[in-house]
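**Q**
Numbering (our numbering), first residue to last: 15 to 286.
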């Protein structure tokens, strides 16, 4: 239970920061008493807690988007309505991660969880995030989001299937490269993650039901609940932070952490 709660705490702290929660859970598992990978299923299920925090935090936005999108299907709301368009853009942006998640499910749960890959992704996508934050125009708002941009956001989110990339980090990086403001890119990244995370988490919950896992259902549930409460605080902090400051501290953190993992792997202190 103690290990599961530690992992739940870390999940809540890191899910919405562009530093990869799945990488942190994968790395942390090596330093807990059991010294083992918590597994893709545990990671996906605990993400249900953090994504529920998104639903709570953006509840009014989500209700408005869903109602306007639904109304647009029956002509009660114009299809050009910004919230109706956002509903379609979230659906379109969710397709890449669904397709790629199904096609590469075995690799996602096994070979792609190698710490060599995790460390590499932390460094590479940390540098890309830094360059995007430095070079991006940061002028576009979500009202200017187009279908092609939604597809780009979607493929960027799909990269997070590889631990170390970061779901929010990959999507925000794409938004910055396309010229969107930091808060706009982050808001769309959080909304876009809702279908993907709930779909993945519920699938893994169903798949692991009755099967032996690293942590039992009670421990996993406790970790998921803790992750929810921590994530609520982190979302509020992060949205306020990026409205005033750059992503540089997160870029530096990713590079330092990735380098440290390379050193630990190279010296045999941990196994890949």
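Ideal Cβ placement from N, Cα and C applies to all residues, glycine included.
Could you tell me the alpha carbon to alpha carbon distance between residue 271 and residue 136, rounded to whole angstroms?
**A** As a working mapping, residue 271 is identified with position 257 in the chain shown. As a working mapping, residue 136 is identified with position 122 in the chain shown. Answer to the nearest angstrom: the Cα atoms are 8 Å apart.
**Q** To the nearest angstrom, how far is it from the Cα of residue 294 to the Cα of residue 93?
**A** Not covered by the structure: residue 294. The range shown for the chain is 15 to 286.
**Q** Buried or exposed, going by whether 16 or more other CB atoms sit within 10 Å of the CB of residue 251?
**A** As a first step, residue 251 is located in the chain shown; it is residue number 237 there, counting from the start. Flag for residue 251 reads exposed.
**Q** Does the contact criterion of 3 or more C-beta pairs under 8 Å hold for the region 215-235 versus the region 54-63?
**A** Yes, the region 215-235 touches the region 54-63.
**Q** Can you tell me whether DSSP reads residue 229 as helix, strand or coil?
**A** Taking the first residue of the chain shown as 1, we reach residue 229 at position 215. DSSP places residue 229 outside both helix and strand once states are collapsed to three, so it counts as coil.
**Q** If you run the structure through DSSP and keep just helix, strand and coil, what is residue 154?
**A** What you label residue 154 is simply residue 140 of the chain shown in a count that begins at 1. Reduced to three states, the DSSP call for residue 154 is strand.
**Q** Only counting the same chain, and skipping five residues up and downstream in sequence, which positions put a Cβ closer than 8 Å to that of residue 110?
**A** Reading the chain shown from its first residue, position 96 is the one you call residue 110. So the list reads 165, 168, 169, 171 and 172, once near-sequence residues are dropped.
**Q** Hey, residue 196 and residue 108 are a contact pair by Cβ (cut 8 Å); roughly how many whole angstroms apart?
**A** As a working mapping, residue 196 is identified with position 182 in the chain shown. As a working mapping, residue 108 is identified with position 94 in the chain shown. About 22 Å; that fails the 8 Å criterion.
**Q** How many Å lie between residue 77 and residue 236 at the Cα?
**A** One-based indexing of the chain shown puts residue 77 at position 63. One-based indexing of the chain shown puts residue 236 at position 222. Between residue 77 and residue 236, the C-alpha separation is close to 28 Å.
**Q** Mind checking whether residue 193 and residue 245 have CB atoms under 7 Å apart?
**A** One-based indexing of the chain shown puts residue 193 at position 179. One-based indexing of the chain shown puts residue 245 at position 231. Taking a C-beta distance under 7 Å as the contact criterion, residue 193 and residue 245 do not qualify as a contact pair.
**Q** Please identify the residue among 247, 267 and 234 whose C-alpha is closest to the C-alpha of residue 15.
**A** By 1-based counting over the chain shown, the position of residue 15 is 1. With distances taken between Cα atoms, residue 15 lies closest to 234.
**Q** Go ahead and label residue 130 buried or exposed: buried means 16 or more other beta carbons lie within 10 angstroms of its beta carbon, across all protein chains shown.
**A** Numbered from 1 along the chain shown, position 116 holds the residue referred to as residue 130. Classification for residue 130: exposed.
**Q** Taking 7 Å as the cut-off, decide whether the C-beta atoms of residue 79 and residue 51 are in contact.
**A** Sequence index remark: in the chain shown, residue 79 carries index 65 (1-based). Sequence index remark: in the chain shown, residue 51 carries index 37 (1-based). Result no, Cβ atoms of residue 79 and residue 51 do not sit closer than 7 Å.
**Q** Please report how far the alpha carbon of residue 174 lies from the alpha carbon of residue 268, in whole angstroms.
**A** Within the chain shown, residue 174 is the residue found at index 160, counting from 1. Within the chain shown, residue 268 is the residue found at index 254, counting from 1. So the alpha carbons of these two residues sit roughly 15 Å apart.
**Q** Which parts of the region 163-221 are runs of the alpha helix (DSSP H), unbroken and 4 residues or longer, counting only runs that do not cross its ends?
**A** Correct list: 181-191.
**Q** Taking residue 62 and residue 17 to be in contact with their CB atoms under 8 Å, please state how far apart those CB atoms are, rounded to whole angstroms.
**A** On the chain shown, residue 62 is found 48 positions in, with the first residue counted as 1. On the chain shown, residue 17 is found 3 positions in, with the first residue counted as 1. Their Cβ separation, rounded to whole angstroms, is 19 Å, which puts residue 62 and residue 17 out of contact at 8 Å.
**Q** Starting from the C-beta of residue 35, find all residues in its chain whose C-beta is less than 6 Å away, skip the five residues before and the five after it, and write them out in chain order.
**A** By 1-based counting over the chain shown, the position of residue 35 is 21. Excluding residues within five positions, the ones whose Cβ falls inside 6 Å are 25, 28 and 29.
**Q** Is the beta carbon of residue 146 closer than 7 Å to that of residue 205?
**A** Taking the chain shown and counting its residues from 1, the one referred to as residue 205 is at position 191. Taking the chain shown and counting its residues from 1, the one referred to as residue 146 is at position 132. Contact: no.
**Q** Residue 210 and residue 185: beta carbons closer than 7 Å?
**A** Against the chain shown, residue 210 aligns to sequence position 196. Against the chain shown, residue 185 aligns to sequence position 171. The answer is no: Cβ separation not under 7 Å.
**Q** Measure the beta-carbon distance from residue 134 to residue 178 and round it to whole angstroms, keeping in mind my assumption that it falls under 8 Å.
**A** Taking the chain shown and counting its residues from 1, the one referred to as residue 134 is at position 120. Taking the chain shown and counting its residues from 1, the one referred to as residue 178 is at position 164. Yes, they are in contact, since the Cβ atoms of residue 134 and residue 178 sit about 7 Å apart, within 8 Å.
**Q** Is residue 235 helix, strand or coil by DSSP?
**A** The residue labelled residue 235 in the question sits at position 221 within the chain shown. Looking at residue 235 - three-state DSSP - the assignment turns out to be helix.
**Q** If I'm right that residue 208 touches residue 112 with Cβ under 8 Å, what's the distance once you round it to whole angstroms?
**A** For the purposes of this step, residue 208 is taken as residue 194 along the chain shown, with counting starting at 1. For the purposes of this step, residue 112 is taken as residue 98 along the chain shown, with counting starting at 1. About 13 Å; that fails the 8 Å criterion.
**Q** Just how far apart, CA to CA, sit residue 116 and residue 65?
**A** In the chain shown, counting from the first residue as 1, residue 116 sits at position 102. In the chain shown, counting from the first residue as 1, residue 65 sits at position 51. Pairing residue 116 with residue 65, the inter-Cα distance amounts to about 20 Å.
**Q** Considering only residues of the region 91-129, which uninterrupted alpha helix (DSSP H) runs meet the minimum length of 4 residues and lie entirely inside it, listed in chain order?
**A** 96-117 and 119-123
**Q** Using the Cα positions of residue 104 and residue 183, report the straight-line distance between them to the nearest angstrom.
**A** Against the chain shown, residue 104 aligns to sequence position 90. Against the chain shown, residue 183 aligns to sequence position 169. Taking the Cα positions, residue 104 is about 17 Å away from residue 183.
**Q** Do the CB positions of residue 180 and residue 286 come within less than 7 Å of each other?
**A** Locating residue 180 in the chain shown gives position 166, counting from the first residue. Locating residue 286 in the chain shown gives position 272, counting from the first residue. Not in contact: residue 180 and residue 286 (Cβ atoms no closer than 7 Å).
**Q** Starting from the N-terminal side, write out each stretch of the alpha helix (DSSP H) that is 4 residues or longer and does not extend beyond the region 32-85.
**A** 35-43 and 54-71
**Q** Pull up the CB-CB distance for residue 198 and residue 259, whole angstroms please, since I reckon it's below 8 Å.
**A** Indexing the chain shown from 1 puts residue 198 at position 184. Indexing the chain shown from 1 puts residue 259 at position 245. Not confirmed; about 16 Å, so no contact.
**Q** Please tell me whether residue 143 and residue 265 are closer than 7 Å, where the distance is taken between their beta carbons.
**A** Translated into the one-based positions of the chain shown, residue 143 becomes position 129. Translated into the one-based positions of the chain shown, residue 265 becomes position 251. A contact, by the Cβ cut-off of 7 Å.
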